[in-house]
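Peer 1: Those protein sequence lines, which keep their order, are chains A and B.
If you're matching positions, the first sequence starts at 164 in the working numbering and goes up one per residue.
If you're matching positions, the second sequence starts at 164 in the working numbering and goes up one per residue.
There are 2 protein chains.
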Amino acid sequence: MPRVSQDHLDARRRQILDGARTCFARYGYEGATVRRLEEATGLSRGAIFHHFRDKESLFLALAEDDARRMADVVSREGLVQVMRDLITGGEADERPADWLGTRLEVSRRLRTDPEFRAHWAQRSAQLTTATRERLERQREAGNLRDDVPVPVLASYLELVLEGVVSHLAMGLPADDLEPVLDVVEESVRRFRRG
Amino acid sequence: MPRVSQDHLDARRRQILDGARTCFARYGYEGATVRRLEEATGLSRGAIFHHFRDKESLFLALAEDDARRMADVVSREGLVQVMRDLITGGEADERPADWLGTRLEVSRRLRTDPEFRAHWAQRSAQLTTATRERLERQREAGNLRDDVPVPVLASYLELVLEGVVSHLAMGLPADDLEPVLDVVEESVRRFRRG
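#1: Smallest Cα separation from Arg239(A): which of Val311(A), Thr294(A), Glu201(A) and Thr204(A)?
#2: Does the separation of the CB atoms of Leu298(A) and Leu307(A) fall below 8 Å?
#3: Select from the region 189-205 of chain B all residues with a C-beta closer than 7 Å to any C-beta belonging to chain A, and list them in chain order.
#4: Cβ closer than 8 Å: which chain A residues qualify as neighbours of Leu340(B)?
#5: I want to know whether the region 232-249 of chain B touches the region 195-215 of chain B - three or more CB-CB distances under 8 Å.
#6: So Val150(A) and Val346(B) are in contact, right, with Cβ under 8 Å, and what is the actual spacing, rounded?
#7: Starting from the beta carbon of Thr290(A), find every residue of chain B whose beta carbon is closer than 7 Å, and list them in chain order.
#8: Kindly identify the DSSP beta-bridge partner or partners of Leu307(B).
#9: Tell me the rounded alpha-carbon separation between Thr275(A) and Gly191(A).
#10: Kindly indicate which residue of Ile211(B), Leu223(B) and Arg353(B) has the alpha-carbon position closest to the one of Ala174(B).
#11: With a Cβ-Cβ cutoff of 8 Å, do Asp248(B) and Leu180(B) count as a contact?
#12: Out of curiosity, what's the CA-to-CA distance linking His330(A) and His214(B)?
#13: Got a sec? Which residues, its chain only, sit under 6 Å from Ile385(A) by beta carbon, not counting five neighbours each side?
#14: Is it right to say Glu303(A) is buried, meaning 16 or more other beta carbons lie within 10 angstroms of its own, or is it exposed?
#15: Write down every uninterrupted run of the beta strand (DSSP E) in the region 223-297 of chain A whose length is 3 residues or greater and which is fully enclosed by it, in chain order.
#16: May I ask you to report which of helix, strand or coil DSSP gives Asp338(B)?
#17: Are Ser270(B) and Ala230(B) touching if we call contact CB-CB under 8 Å?
#18: Within its chain, find whatever has a CB closer than 8 Å to the CB of Leu316(B); leave out the 5 residues flanking it on each side and keep chain order.
#19: Take Phe222(A) as the anchor and find which of Ala332(A), Gly326(A), Arg353(A) and Glu193(A) has the nearest alpha-carbon.
#20: Pull up the distance between the alpha-carbon of Ser235(B) and that of Ala226(B), whole angstroms please.
#21: What's the gap between the Cα of Val197(B) and the Cα of Arg176(B)?
#22: Could you give the residue range of the alpha helix (DSSP H) that holds Phe212(A)?
#23: For His330(B), return the contacting residues in chain A, with the cut-off set at a CB-CB distance below 8 Å.
#24: Can you tell me whether Ala255(A) is buried or exposed? The criterion is at least 16 other CB atoms within 10 Å of its CB, across all chains shown.
#25: Straight-line CA distance for Glu348(B) to Leu273(A)?
#26: Could you tell me whether the Cβ of Asp256(B) comes closer than 8 Å to any Cβ of chain A?
#27: Where does Thr196(B) fall in DSSP's three states?
#28: Nearest chain A C-beta to Met233(B) closer than 8 Å, yes or no?
#29: Quick one: residues in its chain with C-beta nearer than 6 Å to the C-beta of Ala332(B), no 5 flanking neighbours on either side, listed in chain order?
#30: Got a sec: which bits of the region 266-277 of chain B sit with their beta carbon under 7 Å from any beta carbon on chain A, in order along the chain?
#31: Rounded to whole angstroms, what's the CA-CA distance from Arg208(A) to Phe279(A)? Just pull it up for me.
#32: Along the alpha helix (DSSP H) that carries Val315(B), what are the first and last residues, could you check?
#33: The region 237-250 of chain A: which residues have C-beta closer than 9 Å to a C-beta of chain B, in chain order?
#34: Is Ala281(B) buried or exposed, if buried means 16 or more other CB atoms sit within 10 Å of its CB?
#35: Under 8 Å by Cβ, that's how I've got Leu172(A) and Gly326(B) pegged, so tell me the actual separation to the nearest angstrom.
Shown next, in the form of structure tokens:
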């Protein structure tokens with residue numbers, strides 16, 4: 164068996180994750196059969212499960228991958244920007260519909276699967292951490308209201324995010340949400356109105 | 164066949180709705196079999212389907228009943244109070260857990276059933292109407308911020324409500340949401356902060 168480079172392994176792993184993301188988004192977790200995962204990734208089951216122990220591990224890797232990317236956007240631009248990306252469709256290369264698909268599947272399994280919930284709680288902490296850290300930096304820069312503790316403002320933003328995900332999941336129109344997110348953004352800022 | 168009074172019919176209908184609510188909340192729509200509906204209501208299938216054409220009609224009647232009660236609370240006390248009732252468990256006689264069960268089932272079916280979505284769109288309008296009317300009254304009374312149109316503020320509150328429902332559905336702790344709802348409430352009010 165030839166030795167393969169780390170770059171090659173990483174690229175293969177990325178190929179599997181990208182295909183699987185589309186597949187889970189389209190068919191849901193239960194509906195994403197091994198055959199469909201093979202079609203979506205263009206790889207055999209042997210290749211797929213060489214990189215991921217089972218479907219569960221693959222889905223978790225995907226959800227973690229998305230959570231990490233979401234935390235990156237939060238660090239750079241804030242959680243409200245994540246919501247704006249969701250409602251407008253996001254950056255062209257980000258395939259937000261697929262991203263939303265994974266997020267919805269996570270929400271669904273959190274509701275119905277206590278084991279998954281416990282497992283996920285540890286991993287989702289990074290979004291909360293990224294949100295709080297960004298808010299702390301905004302507060303230090305004097306951009307944030309200072310009459311409400313940062314953890315409360317972080318919980319507030321995460322609650323609105325859940326609302327946005329739920330709204331999109333229900334197929335409701337999102338084009339009227341832009342001014343709503345302006346209200347959200349403004350309500351965490353240092354601000355004066357009459 | 165004896166003639167029955169309207170009061171009797173109404174009481175029987177109420178008995179069916181109350182039993183069915185508990186049943187749908189516990190087992191979900193699919194899991195609420197006719198046998199389980201009989202057990203939960205204490206009535207035969209003949210009696211149940213004398214009042215409601217089929218399970219679908221029964222569920223819709225229940226969801227409409229809840230939407231109407233929710234609109235009543237909104238008219239009297241505002242949508243933020245509906246959210247507070249949800250996170251604290253609500254009034255003792257309201258059985259909010261069952262109420263949440265119906266709400267979640269509605270959310271789930273909105274996601275997965277386009278026909279139900281079209282049907283529901285007409286009925287859910289009353290919550291939006293109640294929310295907007297209350298906000299209009301608050302604005303006339305000088306309690307509301309006046310730099311954002313009422314429909315935007317109504318959409319904002321409905322989005323946060325979706326977030327609360329989703330949060331509770333995922334089994335996340337709700338005891339830290341009280342100060343978050345203070346932020347929400349305050350962000351629609353006429354207010355000045357430094």
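Positions of the beta carbon are idealized from the N, C-alpha and C atoms, including for glycine.
Peer 2: Here's the rundown:
#1: Thr294(A)
#2: yes
#3: none
#4: Ser318 and Leu322
#5: Result no; under three Cβ-Cβ pairs closer than 8 Å.
#6: No information on residue 150(A) is available, as it lies outside the stretch 164 to 357 that chain A covers here.
#7: A quick correction: the sequence has Leu, not Thr, at residue 290(A). By Cβ distance, chain B contributes nothing, its closest Cβ being about 13 Å from Leu290(A), past 7 Å.
#8: Arg352(B)
#9: The straight-line gap from Cα to Cα measures roughly 14 Å.
#10: Ile211(B)
#11: no
#12: 33 Å
#13: Nothing can be reported for residue 385(A), as the shown portion of chain A is limited to 164 through 357.
#14: Exposed: under 16 other Cβ atoms inside 10 Å.
#15: none
#16: coil
#17: No, the Cβ-Cβ distance between Ser270(B) and Ala230(B) is not below 8 Å.
#18: Leu298, Leu307, Arg308 and Val351
#19: Glu193(A)
#20: In the sequence on display, residue 235(B) carries Asp and not Ser. Annotation: Asp235(B) to Ala226(B) spans about 14 Å, alpha carbon to alpha carbon.
#21: 16 Å
#22: Per DSSP, the unbroken alpha helix (DSSP H) holding Phe212(A) starts and ends at Arg208 to His214.
#23: Leu322 and Glu325
#24: Confidence at Ala255(A) is low in this model, with a pLDDT of 44, below 50, so its placement is unreliable and the value that follows should be read with caution. It counts as exposed.
#25: Their backbone Cα atoms lie some 28 Å apart in a straight line.
#26: Its pLDDT being 48, under 50, Asp256(B) is placed unreliably in this model, and the value from its coordinates should be taken loosely. So, not an interface residue.
#27: coil
#28: no
#29: Leu267
#30: Under the 7 Å Cβ criterion, the region 266-277 of chain B contributes Ser270, Leu273 and Arg274.
#31: Taking the CA atoms as reference points, Arg208(A) sits about 24 Å from Phe279(A).
#32: Val313 to Ala332
#33: Hits within the stretch: zero.
#34: exposed
#35: Not confirmed; about 39 Å, so no contact.
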